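Student:
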Amino acid sequence: MGNRVYQIDVLKVMAIFFVISVHFLLNTGFYDIDIQSFSASLGIILRLIFITSVPLFIIATGFLMGTKKLSDKYIAKIFRVIILYVLVSMIDWLTQTLVFQNDLSMEDALLGLLDFSTDSYSWYVEMYIGLYLLIPLLNAAWHYDLSKQYHIYIIMVSTILFFLPSLFNGLGKILPDWWTNAYPIGYYYVGLYFKTYLEEIKKISTKRLLIWSVSIFGMISFLSLIDNYDRIFAWTDANDYMGYQPFLVAILISLLILKKGQPKKTTKFHNLLILLSNMTLTIYLFSDLTDSLIYHYFNRLVPNVASRFAWAPVIVLLSFTLASLLAYILEKMMSLIYQRRRA
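So in this note's numbering, spot 39 of the sequence shown is number 49, and the numbers just go up one at a time.
1) With 16 as the cutoff for other CB atoms within 10 Å, does residue 252 come out buried or exposed?
2) Just verifying my parser: in three-state terms, what is the DSSP assignment at residue 239?
3) According to DSSP, simplified to helix, strand and coil, what is residue 43?
4) Does the structure place the segment 305 to 316 close enough to the segment 147 to 157 that three or more beta carbon pairs sit under 8 Å?
5) If you follow the alpha helix (DSSP H) that residue 338 is in, where does it begin and where does it stop?
6) Could you give the uninterrupted runs of the alpha helix (DSSP H) lying entirely in the segment 249 to 310, keeping only those of 4 residues or more?
7) To which residues of the same chain is residue 61 closer than 6 Å at the C-beta, ignoring the five residues directly before and after it?
8) Identify whether residue 204 lies in helix, strand or coil by the three-state DSSP scheme.
9) With DSSP as the reference, label residue 11 as helix, strand or coil.
10) With 16 as the cutoff for other CB atoms within 10 Å, does residue 77 come out buried or exposed?
11) Out of 58, 125, 17, 14, which one is the CA nearest neighbour of residue 28?
12) With DSSP run on the structure shown, which of helix, strand or coil describes residue 53?
13) Does residue 312 come out as helix, strand or coil in the three-state DSSP assignment?
14) May I ask you to report which of helix, strand or coil DSSP gives residue 150?
15) Could you tell me if residue 347 is buried or exposed, where buried requires 16 or more neighbouring beta carbons within 10 angstroms of its beta carbon?
16) Just to confirm before moving on: does the CB-CB distance between residue 260 and residue 69 stay below 8 Å?
17) At which residues does the alpha helix (DSSP H) containing residue 177 begin and terminate?
18) On the three-state DSSP scale, how would you describe residue 245?
19) Below 8 Å between beta carbons: does that hold for residue 20 and residue 286?
20) For a quick check, are the C-beta atoms of residue 298 and residue 44 less than 8 Å apart?
21) Taking 8 Å as the cut-off, decide whether the C-beta atoms of residue 226 and residue 282 are in contact.
22) Taking 8 Å as the threshold, find out whether the segment 202 to 211 comes into contact with the segment 155 to 165 through three or more Cβ pairs.
23) Can you give the Cα-Cα distance for residue 266 and residue 85, rounded to whole angstroms?
24) CB-CB under 8 Å to residue 91, same chain, minus the five flanking residues each way: which ones, in chain order?
25) Are the CB atoms of residue 204 and residue 73 within a distance shorter than 8 Å?
26) Whole beta strand (DSSP E) runs in the segment 43 to 113 with 3 or more residues, listed along the chain?
27) Once you ignore the five residues that flank residue 328 on each side, which residues in its own chain have a CB closer than 7 Å to its CB?
What follows is the structure, given as structure tokens:
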């Protein structure tokens, strides 16, 4: 397995599965109903887990990219992301035009590539391109001083600027919140911290970590249920990506996964995990198409919102599987074209 970190593959695959899971809530009307039933209440708790999808992706990015420096080769690699984005977006547009007879013209679809609207999930690419360009600068700041005290300072500043305002500003502005939309930088540095101090993390007591995880998650779940019960779910800064809730839950999930031991040998399951881990961005982008197709028919077949929750495992797994197959086909085609060009 070389130097590949098994736990990061697990984290990335969890993140892409969480993306499709949280989009189930978005696409089935969860955010339009009063939270009264057991299934709706369960939806609130599960959302606390699934909303960590993007944070987990960025944490994994910080873990994997923490030693990258500015170079021509580094800059060139972003073009693969852009090519994938353009190809998937146009496949998405063409398929939805043929199936749903959408009014979006090719000209509008091409223009939509510029504002990241042709694929409605592609805002992540817009964010990632900027983060990718910043990474050499973020890494330079991190490695400027190798002391743990300095690294803790970076984490503390990131936490104060990006995440704490959502905790303290609920009843009025107590902390400045101008920087909260730059939250990807905070998650990136969390991932880089985990990479730098991985050996120390492995020494954390598993029992103690589990107790803290259950306690913190239980408290956040309780607060979320109290805040939202018998009303339509309130999407606030606290439960959005820059919120303290996803921030804490994402850290706990990451720590629990990083505590897992490295397998002694590669298994078929790990090979599948690596395959999916390498395709997460493509799967993510294709999930806009698979979600559009699936929910178009599913919501008609099951018109009652409350009744849709029972189908969540089937629908999420179906969208994940279809998006993974489409991603595999496209990645394979791109790989073959690249190999022929090099031959």
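The beta carbon of each residue, even a glycine, is placed where N, CA and C say it ideally should be. Keep in mind the model is a prediction, meaning the values are calculated, not measured.
Tutor: The short version:
1) Looking at its Cβ environment, which holds 16 or more other Cβ atoms inside 10 Å, residue 252 is buried.
2) strand
3) coil
4) No, they do not touch.
5) 322 to 352
6) 254 to 268, 278 to 288
7) Only 32, 256 meet the Cβ criterion.
8) helix
9) With a pLDDT of 48 at residue 11, under the threshold of 50, the modelled position of this residue cannot be trusted; read the value that follows with caution. DSSP places residue 11 in coil when its eight states are reduced to three.
10) exposed
11) 58
12) helix
13) coil
14) Note: residue 150 maps to helix in three-state DSSP.
15) exposed
16) yes
17) 174 to 178
18) coil
19) no
20) no
21) no
22) yes
23) 33 Å
24) Within its own chain, the residues whose Cβ lies closer than 8 Å to the Cβ of residue 91, once the five positions on either side in sequence are excluded, are 135, 138, 139, 142, 291, listed in chain order.
25) For residue 73 and residue 204, yes; Cβs fall inside 8 Å.
26) Positions of the beta strand (DSSP E) runs, each at least 3 residues long and wholly inside the segment 43 to 113, cannot be given because no such run exists.
27) 304, listed in sequence order.
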